[in-house]
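Numbering (this note's numbering), first residue to last: 2 to 549. For glycine and all other residues, C-beta sits at the position ideal for the given N, C-alpha and C. Below: one structure, written as structure tokens.
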């Protein structure tokens, strides 16, 4: 009885001792009779600390025990257990309230427990489980588990040693979600534990609904982030890092969410349509259409049918099904009226009526249609001056310009020219399946030093022409110059400009021919045969005049 077993030699209870209120040993046997253990049991300070913790570890040089200390009326009862795993030792040594945790686990009303031994007989049933099965405290202990818990699979878990998690089990006419785990000591299954994880499937279903709701919320955030990134891509299409472009982007970000008319002012070729696209794509209306109308090209006699649509058979040549006008097409979206400063006065009055009433009536129709749209306009004209000259209605001007965005000309942001050129070259290379060429540094110096009456559009045109004719994977200054005068061709030659700079008609025609050839070379990816066929000239003439 006094032999002290080494740790791991035996299992179960290794010793029992009773200590009186006067800290004297009333009785002791087994490991509790070992002198070193008896000395600890009669140490008042150690015994009080052990009583408070309820479960303590006694570590000796040749053995270790787990001691359970329970107070009773005349003193304290101490029970010694052996063969404690490192994990259990860490838990018992590190957690002062380990006993309280065990008490919680055994009495948790939301996590009922049943324990069976290797013979499939109940060794423990938690109080909440006993109440559920109508048992008195300890009544089920020793009984076969199948006689107490219907539909249990704990004996199967004992036989197979395989856990079953998240299973539905019907008990007392109710369905419960349970888990079953085998308990091993070394390689041997010594028992099994069954736990009710939730009160029932309803709780699992509620949890699943909550998880689904959270997943949908996350998906919504992802979609919003994706839409924001997509909208930002339209904003990034306005290439540039200078102060003028950064200010422009900031204005768009602030104005886009507001459902208010916007007037975009800027010189021809500055990219006003890119601003309109960014305003639309960063607005709450981005899922709907952006309808673009060239206001300057609207003939007065067709303005109503183009803008407001027409019913079937309303006039000769009308579509048999009728047609929706531009404003109807922009319903719930944005309508972009480009070059509104060149709109005829009679068209301005009809437009004003629509902006005031938000109603359109198709030609030949009888019932006005309510429409919801955001108005975005653009012009390269000085509308205030046009108002003074009587070329633009004052009331319409106020309607379209609560907010005005000024797009800077290229001359005011020449520091962005290298970025723009590289952007155009990358776009051209992707479009025509070619490598992006390198650009000599003197090219940028030259481009930044000259005037740009055609703005970004002119720069793109010049870059496209240089892209057609470059060699040796490099763009050189010669690619941006013409043979005459050293100046590049203008992107938008007009008959009105002939003769104003001293050029002869022959010079102007030759320049225009080169323009056509350059554009055709880009369009047909340098295929000279197709360029010649498209222009209606011979390949020899093409080589002789333009490609030598």
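Backbone secondary structure at residue i - three-state DSSP
| i | result |
| --- | --- |
| residue 189 | strand |
| residue 246 | helix |
| residue 371 | strand |
| residue 292 | strand |
| residue 137 | coil |
| residue 71 | strand |
| residue 180 | strand |
| residue 127 | coil |
| residue 394 | coil |
| residue 283 | coil |
| residue 531 | helix |
| residue 380 | strand |
| residue 458 | helix |
| residue 236 | helix |
| residue 264 | strand |
| residue 95 | helix |
| residue 482 | coil |
| residue 53 | helix |
| residue 169 | strand |
| residue 77 | strand |
| residue 175 | strand |
| residue 100 | helix |
Straight-line gap, residue i to residue j (C-alpha atoms, nearest Å)
| i | j | result |
| --- | --- | --- |
| residue 419 | residue 517 | 26 Å |
| residue 182 | residue 170 | 15 Å |
| residue 337 | residue 291 | 7 Å |
| residue 251 | residue 372 | 30 Å |
| residue 139 | residue 109 | 17 Å |
| residue 28 | residue 20 | 7 Å |
| residue 360 | residue 370 | 5 Å |
| residue 486 | residue 443 | Below a pLDDT of 50, predicted positions are generally treated as unreliable, and residue 486, at 42, falls in that range; no measurement from the model is reported. |
| residue 76 | residue 65 | 24 Å |
| residue 213 | residue 125 | 37 Å |
| residue 114 | residue 13 | 21 Å |
| residue 17 | residue 33 | 6 Å |
Contact set for residue i: own chain, Cβ-Cβ below 6 Å, skip 5 residues either direction
| i | result |
| --- | --- |
| residue 382 | 342 |
| residue 107 | 127 |
| residue 445 | 419 |
| residue 279 | 235, 236 and 253 |
| residue 310 | 324, 325, 326, 329 and 363 |
| residue 466 | 519 |
| residue 68 | 57, 59, 79 and 81 |
| residue 402 | 264 |
Own chain residues within Cβ distance below 8 Å of residue i, not counting five before or after
| i | result |
| --- | --- |
| residue 497 | Residue confidence is low: residue 497 scores 39 on pLDDT, short of 50, so the model does not pin down where it sits. Its coordinate-derived value is still stated next. Within the same chain, residue 497 has no close Cβ partners at all. |
| residue 353 | 394, 396, 397 and 400 |
| residue 543 | 518, 529, 532, 533 and 536 |
Those residues which DSSP pairs with residue i across a bridge
| i | result |
| --- | --- |
| residue 194 | 116 and 182 |
| residue 551 | The question about residue 551 has no answer, for the chain in this structure spans 2 to 549. |
| residue 152 | Note: residue 152 sits in no beta bridge, so no partner. |
| residue 29 | 18 |
| residue 82 | 14 and 67 |
| residue 145 | 122 |
| residue 60 | 65 |
| residue 475 | 439 and 472 |
| residue 364 | 311 |
| residue 466 | Partner(s): none; residue 466 has no beta bridge. |
Beta-carbon proximity list for residue i, same chain, < 7 Å, skipping 5 on both sides
| i | result |
| --- | --- |
| residue 417 | 240, 241, 242, 243 and 246 |
| residue 333 | 286, 289 and 373 |
| residue 430 | 436 and 437 |
| residue 100 | 54, 55 and 56 |
Residue i Cβ short of 8 Å to the ligand PLP heavy atom set
| i | result |
| --- | --- |
| residue 395 | With respect to the ligand PLP, the structure offers nothing, as it holds no ligand at all. |
- Query: In chain order, which continuous runs of the alpha helix (DSSP H) of length 4 or greater are located wholly inside the region 301-360?
  - Reply: Correct list: 304-309, 327-330 and 346-358.
- Query: Which runs of the alpha helix (DSSP H) spanning at least 4 residues fall entirely within the region 405-434, listed in chain order?
  - Reply: Complete alpha helix (DSSP H) runs here, min 4: 418-433.
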